[in-house]
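Asks: Numbering of the sequence shown is given in the numbering used here, commencing with residue 2 and proceeding in unit increments. Beta carbons: idealized from backbone N, C-alpha and C, even for Gly. In this text, all values refer to a predicted model and were calculated from it rather than measured experimentally.
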Amino acid sequence: MLDTEGVGVFLGIDVGKTTHHGHGLTPAGKKVFDKPMPNSEPKLRAVFDKLKTKFGTVLVIVDQPASIGALPLTVARDAGCQVAYLPGLAMRRIADLYPGEAKTDAKDAAVIADAARTMPHTLRSLELTDEITAELTVLTGFDQDLAAEATRTSNRIRGLLTQFHPSLERVLGPRLDHPAVTWLLERYGSPAALRKAGRRRLVELVRPKAPRMAARLIDDVFDALDEQTVIVPGTGTLDIVIPSLAASLAAVHDQRRALEVGVGSGALIVRCGRRCVRRGGLIRLESFSASSGG
Numbered sequence: 002m003l004d005t006e007g008v009g010v011f012l013g014i015d016v017g018k019t020t021h022h023g024h025g026l027t028p029a030g031k032k033v034f035d036k037p038m039p040n041s042e043p044k045l046r047a048v049f050d051k052l053k054t055k056f057g058t059v060l061v062i063v064d065q066p067a068s069i070g071a072l073p074l075t076v077a078r079d080a081g082c083q084v085a086y087l088p089g090l091a092m093r094r095i096a097d098l099y100p101g102e103a104k105t106d107a108k109d110a111a112v113i114a115d116a117a118r119t120m121p122h123t124l125r126s127l128e129l130t131d132e133i134t135a136e137l138t139v140l141t142g143f144d145q146d147l148a149a150e151a152t153r154t155s156n157r158i159r160g161l162l163t164q165f166h167p168s169l170e171r172v173l174g175p176r177l178d179h180p181a182v183t184w185l186l187e188r189y190g191s192p193a194a195l196r197k198a199g200r201r202r203l204v205e206l207v208r209p210k211a212p213r214m215a216a217r218l219i220d221d222v223f224d225a226l227d228e229q230t231v232i233v234p235g236t237g238t239l240d241i242v243i244p245s246l247a248a249s250l251a252a253v254h255d256q257r258r259a260l261e262v263g264v265g266s267g268a269l270i271v272r273c274g275r276r277c278v279r280r281g282g283l284i285r286l287e288s289f290s291a292s293s294g295g
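1. Counting C-beta neighbours from all protein chains within 10 Å, is the total for E170 16 or more, i.e. buried, or is it exposed?
2. Could you name the residues that DSSP lists as bridge partners for V84?
3. From this set, S68, I113, P73, which residue's C-alpha is nearest G142's C-alpha?
4. Among G13, R257, D178, P212, which has the Cα closest to the Cα of Q145?
5. Please report the residue range of the beta strand (DSSP E) in which K32 lies.
6. By DSSP, does G190 sit in helix, in strand, or in coil?
7. Touch check for the stretch 75-91 and the stretch 23-30: three-plus C-beta pairs under 8 Å?
8. Hey, quick one: how far does the beta strand (DSSP E) through I14 stretch, first residue to last?
9. How would you call A259, buried or exposed, if buried means at least 16 neighbouring beta carbons within 10 angstroms?
10. Less than 8 Å between the CB atoms is what I'm expecting for M92 and V61, so what's the real figure, rounded?
11. Do three or more CB pairs link the stretch 247-256 to the stretch 203-216 at distances below 8 Å?
12. What is the DSSP secondary structure of A236, reduced to helix, strand or coil?
13. Quick one: what's G23 bridged to in DSSP?
14. Got a sec? Which residues, its chain only, sit under 8 Å from T236 by beta carbon, not counting five neighbours each side?
15. What ranges does the beta strand (DSSP E) occupy inside the stretch 100-159, keeping only unbroken runs of at least 3 residues that lie completely in it?
16. In terms of alpha-carbon separation, which member of M120, P244, P43 lies closest to T183?
In structure tokens:
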């Protein structure tokens, strides 16, 4: 349980995008602050400094420690205040005990402050490990965004190939995660362009990206090209669209690989007792024992 002994004022903050609402209570329950707080460092620091000067130790409590709650917590800590957060589930349960059905920023801030004052066991401390976990959470969220973008772009490429040359899609579609395939499509986006380039040139093109599968891949491509003799109307547009989509997909794949290397090698992962692993194609956070090495 968080030790609140010696706290001079409990400052509950209901965080918002541009403006927060703060509610300050003394240990005896006297209201000493109840105002909006602009989400800027100078304004926040002025409030914290004023309360510290008058009441001594200030405990700042929020219900969202990440995202929009990050700045007030960081400024509070830098100003010498103690910080904690009230988990959302506990916040909702406690709020139901207070009169009035209307949900307002002022009411929520008051609930947070009073919960910290009277029920300190509901609070969670914010240590360095929480900061590190927040950083890793941002990175894993970014990876999920990249994964969604990769899926969208891959589906678009496969849809176009299916529309104009299904046999070619059956060869290249399942392999779009391989850098050799995006490299190939960046340069030759249509069936006609692939055929014109020729088997030998294409093998040499993709060999640096796929030394062992280059010849087999291009053999499969030409087998697919031979299966369709008709040209579906609109096929010529692939020379414009496919290379652009392939370049975008390759860039997303490169970003994801770089991100995985970056988060997977950080000592901060060990320090916070969590690690990033690939699960289902996404980077995820998992708890582990640092002493056991996993």
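Replies: Straight from the coordinates:
1. buried
2. V61
3. S68
4. R257
5. 32-39
6. coil
7. no
8. 10-15
9. exposed
10. Actually they are not in contact, since the Cβ atoms of M92 and V61 sit about 15 Å apart, beyond 8 Å.
11. no
12. The sequence given here places Thr at residue 236; Ala does not occur at that position. Note: T236 maps to helix in three-state DSSP.
13. I14, K36
14. F165, H166, S191, P192, A193
15. none
16. P244
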